[in-house]
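Chemist:
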Amino acid sequence: MLVSRSGVIVQLAVSQDRDAPTSSRTSFPESISLSSHDLLMQAADPCPEPERERLHTQVILLNRRVAAGIASRYHQRGVDSEDLRQVAEMGLVKAVRRYQPDRGSGFLAYAVPTIRGEIRRYFRDNGWMVRPPRRIQELRSEVITTENDLVQELRRFPTVVETAVEMGLSTPELDEVHGARGCFRPASLDAPAREDASLPVGELIGESDDAYEQVENYESLTPLLAALEPRDRLILGLRFVDGCTQKEIGDRIGVSQMQVSRLLNQVLGRLREQLCAD
8 MLVSRSGVIV QLAVSQDRDA PTSSRTSFPE SISLSSHDLL MQAADPCPEP
58 ERERLHTQVI LLNRRVAAGI ASRYHQRGVD SEDLRQVAEM GLVKAVRRYQ
108 PDRGSGFLAY AVPTIRGEIR RYFRDNGWMV RPPRRIQELR SEVITTENDL
158 VQELRRFPTV VETAVEMGLS TPELDEVHGA RGCFRPASLD APAREDASLP
208 VGELIGESDD AYEQVENYES LTPLLAALEP RDRLILGLRF VDGCTQKEIG
258 DRIGVSQMQV SRLLNQVLGR LREQLCAD
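Residue numbering for the sequence shown follows the numbering used here, starting at 8 and increasing by one per position.
1) GLY113 and HIS44 - do their beta-carbons sit closer together than 8 Å?
2) Tell me whether THR153 sits in a helix, a strand or coil according to DSSP, three-state version.
3) State the Cα-Cα distance for the pair GLU173 and ALA116, rounded to the nearest angstrom.
4) What are the start and end residues of the alpha helix (DSSP H) that includes ASP249?
5) Let me know the secondary structure DSSP gives GLN159 once reduced to three states.
6) What is the DSSP secondary structure of THR166, reduced to helix, strand or coil?
7) Determine the DSSP secondary structure at ARG80, reduced to helix, strand or coil.
8) By Cβ distance below 6 Å, which residues in the same chain neighbour LEU157 in space, the five residues on each side in sequence not counted?
9) Of all the options GLU89, ARG127, VAL119 and ASP87, which has the alpha carbon lying nearest to the alpha carbon of ALA102?
10) What residues in its chain sit with their C-beta under 6 Å from that of GLN281, if we drop five residues either side in the sequence?
11) Helix, strand or coil for GLU236, going by three-state DSSP, please let me know.
12) Mapping the DSSP letters down to three states, classify ILE256 as helix, strand or coil.
13) Pull up the CB-CB distance for LEU78 and LEU99, whole angstroms please, since I reckon it's below 8 Å.
14) Measure the alpha-carbon distance for ALA75 versus TYR129 and round it to whole angstroms.
15) Could you check if SER268 is buried or exposed, using at least 16 other CB atoms within 10 Å of its CB as the buried criterion?
16) Does the Cβ of ARG192 have 16 or more other Cβ atoms within 10 Å, making it buried, or fewer, making it exposed?
17) Buried or exposed for PRO53, please, with buried defined as at least 16 other CB atoms from any protein chain shown within 10 angstroms of its CB.
18) First and last residue of the alpha helix (DSSP H) that includes ARG104?
19) Using a threshold of 8 Å, state whether the C-beta atoms of ASN155 and GLY124 are closer than that.
20) Does ASN272 pass the burial test, meaning 16 or more other C-beta atoms within 10 Å, or should it be called exposed?
21) Cα-Cα, which of ARG141, GLU60, ILE122 and GLY250 is closest to ILE151?
Below, the structure written as structure tokens:
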């Protein structure tokens with residue numbers, strides 16, 4: 008997850024802070040999240056069970072490619088791709104059934120970590136290369152559940168301290184649990200592909216749909232941008248949304264072009280570190 012990828016993710020997330028948003032400026036992830044939220048609001052009202060199931064099915068179909076995009080991030084880790092897609096869809100179904108629209112948070116802010124958590128639970132049980140102690144495996148499941156609950160409550164991803172306090176763990180214990188996420192079986196890109204034994208897997212990997220891959224980055228970056236100082240958000244907005252040059256930004260905020268360059272590098276560096284820390 009690189010903040011510097013043409014500024015696309017920054018542009019999506021910063022744009023929601025602009026004054027008087029209109030439908031023409033609604034971003035791709037926002038559009039899906041709003042539509043899903045509206046449908047689930049209808050499902051939360053008293054209605055016949057068949058109608059509720061129909062609304063839930065609509066939300067699932069609307070977000071299937073989002074789930075597939077999240078699953079694609081875990082390819083080539085020793086688990087079949089089709090299994091990953093099915094696990095991601097199971098996570099999506101759980102998110103649809105558990106989402107509480109009256110809490111006020113967007114659907115994707117809840118669904119993305121829920122889907123991610125379902126995939127990680129699957130890896131915990133089926134994909135360990137070096138199997139951690141059973142207690143760590145069990146705690147990982149509890150940590151994922153707790154983090155999902157806190158996402159719904161806080162409307163952002165919780166910090167390590169917040170999760171540790173909620174679970175009654177020390178931060179070193181929680182760090183140990185998070186550190187176990189890399190214990191997966193490796194898969195070689197040179198291994199024969201199932202579809203054609205004459206071709207290695209690496210030659211059959213297709214390109215990803217960037218729009219769907221941006222969803223997880225968008226949801227992760229939005230709360231980080233909200234926590235920035237107002238001037239830092241303004242600089243990012245002028246650069247990545249309005250397309251201003253560094254000189255134009257400097258004239259706007261009263262600093263030199265060199266200072267603008269330094270400020271941009273500092274802000275993007277902090278965002279990149281925070282994203283990669285997850």
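Where a beta carbon is used, it is the ideal one built from N, C-alpha and C, also for glycine.
Modeler: This is what the structure gives:
1) Working through the sequence shown from its first residue, we reach residue 44 at position 37. Working through the sequence shown from its first residue, we reach residue 113 at position 106. Against a cut-off of 8 Å, the Cβ pair of GLY113 and HIS44 comes out as a contact.
2) Here residue 153 corresponds to residue number 146 of the sequence shown, with the count starting at 1. THR153: helix per DSSP, three-state reduction.
3) Indexing the sequence shown from 1 puts residue 173 at position 166. Indexing the sequence shown from 1 puts residue 116 at position 109. About 20 Å.
4) Taking the first residue of the sequence shown as 1, we reach residue 249 at position 242. Taken as a continuous stretch (DSSP letters only), ASP249 belongs to no alpha helix (DSSP H), as it is neither H nor E.
5) Looking up residue 159 in the sequence shown gives position 152. Of the three classes helix, strand and coil, the one that applies to GLN159 here is helix, per DSSP.
6) Counting from one through the sequence shown, the residue named residue 166 turns up at place 159. Coil at THR166, not helix or strand.
7) As a first step, residue 80 must be located in the sequence shown, where it is residue number 73. The answer is coil: DSSP assigns ARG80 none of H, G, I, E or B.
8) The residue labelled residue 157 in the question sits at position 150 within the sequence shown. Excluding residues within five positions, the ones whose Cβ falls inside 6 Å are PRO165.
9) Position 95 of the sequence shown holds residue 102. Nearest option by C-alpha distance: VAL119.
10) Here residue 281 corresponds to residue number 274 of the sequence shown, with the count starting at 1. Hits under 6 Å: LEU231.
11) For the purposes of this step, residue 236 is identified with residue 229 of the sequence shown, where counting begins at 1. DSSP places GLU236 in coil when its eight states are reduced to three.
12) In the sequence shown, counting from the first residue as 1, residue 256 sits at position 249. ILE256: helix per DSSP, three-state reduction.
13) Here residue 78 refers to the residue found at position 71 when the sequence shown is read from its first residue. Here residue 99 refers to the residue found at position 92 when the sequence shown is read from its first residue. According to the sequence shown, residue 78 is Ala rather than Leu. 10 Å between Cβ atoms; not a contact.
14) Working through the sequence shown from its first residue, we reach residue 75 at position 68. Working through the sequence shown from its first residue, we reach residue 129 at position 122. The alpha-carbon atoms of ALA75 and TYR129 are separated by roughly 15 Å.
15) Looking up residue 268 in the sequence shown gives position 261. It counts as exposed.
16) Counting from one through the sequence shown, the residue named residue 192 turns up at place 185. Here the model assigns ARG192 a pLDDT of 46, short of 50, so the residue's position is not dependable and the matter cannot be decided.
17) Position 46 of the sequence shown, counting from 1, holds the residue named residue 53. Flag for PRO53 reads exposed.
18) By one-based count along the sequence shown, residue 104 stands at place 97. ARG104 -> alpha helix (DSSP H) spans 88–105.
19) The residue given as residue 155 occupies position 148 in the sequence shown. The residue given as residue 124 occupies position 117 in the sequence shown. In contact: ASN155 and GLY124 (Cβ atoms closer than 8 Å).
20) For the purposes of this step, residue 272 is taken as the residue at position 265 of the sequence shown. Classification of ASN272: exposed, given that the 10 Å Cβ count is below 16.
21) Residue mapping note: residue 151 aligns to position 144 of the sequence shown, counting from 1. Ranking the options by Cα distance to ILE151, first place goes to ILE122.
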